[in-house]
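So the structure is just underneath, and the comments pick up after that.
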Amino acid sequence: DQQVKQNSPSLSVQEGRISILNCDYTNSMFDYFLWYKKYPAEGPTFLISISSIKDKNEDGRFTVFLNKSAKHLSLHIVPSQPGDSAVYFCAASSQGGSEKLVFGKGTKLTVNP
Amino acid sequence: NAGVMQNPRHLVRRRGQEARLRCSPMKGHSHVYWYRQLPEEGLKFMVYLQKENIIDESGMPKERFSAEFPKEGPSILRIQQVVRGDSAAYFCASSPQVDEKLFFGSGTQLSVL
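In structure tokens, the structure reads:
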């Protein structure tokens, strides 16, 4: 029973273009959403988060959009850089914070020079 | 300020042996979380601890797995009588407060022969 789904295992984009990573969830109790980035042989690194009371949060090149009615969120990276190549995990929590996160399976982003 | 330290990075055990995974949280962090990542899967919550207390162990298998976070020293995840299905990457994370973002270690890759 996957409560957080990332349906695209991989995504390839050209440097300078926009990367859009998608995530769907099924549990309507989720109220806090996060994106983590993971390089090989390293642990996940926090990227950006959004509370369910918002529909957009922006931090530099990274923007997360939340559509509660569709139970969908997306991460936009503009412009994409080769250093952004990594696995991106969407995560959700029903406790308002980072406790007991439910992760998706991840999307491997490759940014080509 | 050193990050979350996990050791060993790689651990090989034969079926039936015990595995001990260690995690030293970031300085000033009193909240520790363990997650497990099976191949081709997302991270799955196992347990949340504070110093000397288990707060939430709802993600821990009922048998063979235990975790502790003593007053002094690192947090330990202990797996008794390992089986092949325990082969996975085990990540530890810490946070200064329960509602704050998690900082992950680089993980311990457990391989059971």
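Chains as they are written, first to last, in the working numbering: chain A, 2 to 114; chain B, 8 to 120.
The C-beta atom is built at its ideal place from N, Cα and C for all residues, glycine as well.
The C-beta of L84(B) comes no closer than 8 angstroms to any C-beta of chain A. Contacts between E75(B) and chain A, judged by CB atoms closer than 7 angstroms, are missing: the closest CB pair is about 19 angstroms apart. For D25(A), the three-state secondary structure derived from DSSP is strand. In the three-state DSSP reduction, D63(B) falls in the strand class (E or B).
Counting along the chain, I54(A) sits inside no beta strand (DSSP E), nor does DSSP assign it H or E at all. Counting the other Cβ atoms within 10 Å of the Cβ of V90(B) gives fewer than 16, which makes it exposed. Taking a 10 Å sphere around the C-beta of E100(A), we find 16 or more other C-beta atoms and assign the residue as buried. At a cut-off of 4 residues, not a single continuous stretch assigned as alpha helix (DSSP H) sits fully inside the region 19-48 of chain B. If you draw a straight line from the Cα of G17(A) to the Cα of S81(A), it is about 5 angstroms long. The Cβ atoms of F47(A) and K78(B) lie no closer than 8 angstroms to each other.
In this structure the region 50-59 of chain B does not lie against the region 11-19 of chain B, because fewer than three pairs of beta carbons, one per stretch, are closer than 8 angstroms. Distance from the CA atom of L76(A) to the CA atom of S82(B), rounded to whole angstroms, is 33 angstroms. Taking all protein chains shown into account, V65(A) has 16 or more neighbouring C-beta atoms within 10 Å of its C-beta and is therefore buried. No Cβ of chain A is located within less than 8 angstroms of the beta carbon of G35(B). The region 98-112 of chain A makes contact with the region 20-33 of chain A, as at least three CB pairs between them are under 8 angstroms.
Contact check for S95(A) against N8(A) fails: the beta carbons are separated by 8 angstroms or more. DSSP places R62(A) outside both helix and strand once states are collapsed to three, so it counts as coil.
Where L117(B) is concerned, the enclosing beta strand (DSSP E) starts and stops at T115 to V119. Contact annotation for L102(A) against chain B: F52 [CB-CB distance below 7 angstroms, chain order]. The C-alpha of I86(B) is placed about 11 angstroms away from the C-alpha of K69(B).
The three-state reading of DSSP puts R18(A) in coil, since its state is none of H, G, I, E or B.
Flagged as an interface residue toward chain A: Y55(B), by a C-beta distance shorter than 8 angstroms.
Only A42, E43, G44, P45, T46 and F47 from the region 38-49 of chain A bring a Cβ to less than 8 angstroms from some Cβ of chain B. Under the three-pair Cβ rule at 8 angstroms, the region 65-74 of chain A does not count as touching the region 20-39 of chain B.
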